[in-house]
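Peer 1: Numbering (this note's numbering), first residue to last: 1011 to 1314.
Note that the Cβ used here is the ideal one computed from N, Cα and C, for glycine as well.
Pasting in a structure now, in structure tokens, and then I'll have a few things to ask.
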């Protein structure tokens, strides 16, 4: 038995296989340890191994943990953050180091440092996502709001709404079905705050931060420049000529980053010539709300 044989065993399951499956193919515990030491395979969770390289991003790590959980527990479905990771929905403020699931056969809750599988109070809707049993998006978004808080829920809800994976009615139905469950008020608050027009995690977080500061903004505000419409700013402070832009900086990376940066500079210069004051916010600023507030207040004074 070689590492190539294990590759073939795991190729249909994202590179994952169980220790018992390897043993059935003649790989002893000693041989498996040797393959791990030689870095031909690696352990993901207890009893589950991977033939693939270590995931680089936290979200990819959560996907792998969630898939390993399902490989190891055939009567489980991915739920909450794990379900959203497998659906490709944005996450924020969740644990990326612990997979989350629900039992589909009324088993008792199982908890380890890397996996938690609960017996659900109400069985959620579950569907097949590329061969994996996964809680439907609406259920998972509500779970994230209940487990990780309002901001986490709004981040995922915004993205799910924007890409058409869920509707407001879908979310309302889940909340109704879960009536009486703990922390459901967080999900209800999420409904009040979500906005499908938000285009990124950073924009959602900034919008919520501005709301908390008492700054009323319009999302994706359309601007006419040179007699033409079509340009949009992330936010406009209502009733003013102050625009707020979230700059995630990712768009400036790669081979075309310099071109994008120049184009963005020209766009901002055009906005200023048209009489707009622009406040630019980056990721680090989100940890300093009072700094953002002071800059916006200064911009409002300048634009008055």
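(1) Since residue 1051 is in the alpha helix (DSSP H), which residue starts that stretch and which ends it?
(2) So, does the region 1153–1167 touch the region 1193–1203, judging by three or more C-beta pairs under 8 Å?
(3) With residue 1166 as the anchor, note down where its alpha helix (DSSP H) starts and where it stops.
(4) With respect to the alpha helix (DSSP H) encompassing residue 1036, which residues constitute its N-terminal and C-terminal limits?
(5) If we require 3 or more residues per run, which beta strand (DSSP E) segments fall completely within the region 1043–1106?
(6) Answer yes or no: do residue 1019 and residue 1054 have a C-beta to C-beta separation smaller than 8 Å?
(7) Quick one: measure Cβ to Cβ for residue 1221 and residue 1205, integer angstroms, because I've assumed they're closer than 8 Å.
(8) Looking only at C-alpha atoms, which of 1311, 1306, 1147 and 1088 sits nearest to residue 1178?
(9) Apart from the five residues just before and just after residue 1165, which ones in its own chain have a Cβ nearer than 8 Å to its Cβ?
(10) Compute the distance between the beta-carbons of residue 1313 and residue 1287, then report whether it is under 8 Å.
(11) Per the DSSP calculation, residue 1154 is bridged to which residue(s)?
(12) Within the continuous alpha helix (DSSP H) that includes residue 1205, where are the two ends?
(13) According to DSSP, residue 1287 sits in a beta bridge with which residue or residues?
(14) Please classify residue 1121: is it buried, with 16 or more other beta-carbons within 10 angstroms of its beta-carbon, or exposed?
(15) I want to know whether the region 1112–1121 touches the region 1083–1092 - three or more CB-CB distances under 8 Å.
(16) Determine, using beta carbons only, whether residue 1289 and residue 1252 come nearer to each other than 8 Å.
(17) Buried or exposed: residue 1049, going by 16 or more other Cβ atoms within 10 Å of its Cβ?
(18) Buried or exposed: which applies to residue 1059, given that a residue is buried once 16 or more other Cβ atoms fall within 10 Å of its Cβ?
(19) In this structure, what does DSSP give as the bridge partners for residue 1026?
Peer 2: The answer reads as follows:
(1) Start at 1 with the first residue of the chain shown, and residue 1051 comes out as number 41. Looking at the DSSP string, residue 1051 is not in any alpha helix (DSSP H), and its letter there is neither H nor E.
(2) Segments in contact, yes.
(3) The residue you call residue 1166 lines up with position 156 of the chain shown. Unbroken alpha helix (DSSP H) run through residue 1166: 1160–1172.
(4) Within the chain shown, residue 1036 is the residue found at index 26, counting from 1. Note, residue 1036: premise wrong, no alpha helix (DSSP H); not H, not E.
(5) 1052–1055, 1058–1060 and 1086–1088
(6) Counting from one through the chain shown, the residue named residue 1019 turns up at place 9. Counting from one through the chain shown, the residue named residue 1054 turns up at place 44. For residue 1019 and residue 1054, no; Cβs fall outside 8 Å.
(7) Taking the first residue of the chain shown as position 1, residue 1221 is located at position 211. Taking the first residue of the chain shown as position 1, residue 1205 is located at position 195. 10 Å between Cβ atoms; not a contact.
(8) As a position in the chain shown, residue 1178 is number 168, starting the count at 1. Measuring from the Cα of residue 1178, the nearest candidate turns out to be 1147.
(9) Reading the chain shown from its first residue, position 155 is the one you call residue 1165. Counting only Cβ-Cβ distances below 8 Å, and skipping sequence neighbours, we find 1100, 1101, 1102, 1103, 1211, 1214 and 1215.
(10) If you number the chain shown from 1, residue 1313 lands on position 303. If you number the chain shown from 1, residue 1287 lands on position 277. Result yes, Cβ atoms of residue 1313 and residue 1287 sit closer than 8 Å.
(11) In the chain shown, the residue the question calls residue 1154 occupies position 144. Residue 1154 is not bridged to any residue.
(12) For the purposes of this step, residue 1205 is identified with residue 195 of the chain shown, where counting begins at 1. No alpha helix (DSSP H) contains residue 1205, which DSSP labels as neither H nor E.
(13) Taking the chain shown and counting its residues from 1, one reaches residue 1287 at position 277. In DSSP, residue 1287 forms a bridge with 1252.
(14) Within the chain shown, the letter at position 111 stands for residue 1121. So residue 1121 counts as exposed.
(15) Short answer: they touch.
(16) Position 279 of the chain shown, counting from 1, holds the residue named residue 1289. Position 242 of the chain shown, counting from 1, holds the residue named residue 1252. Going by C-beta atoms, residue 1289 is nearer than 8 Å to residue 1252.
(17) Position 39 of the chain shown holds residue 1049. So residue 1049 counts as exposed.
(18) Mapped onto the chain shown, residue 1059 falls at position 49. When all chains shown are included, residue 1059 counts as buried.
(19) Numbered from its first residue, the chain shown carries residue 1026 at position 16. In the DSSP output, where bridge partners are listed per residue, residue 1026 has 1060.
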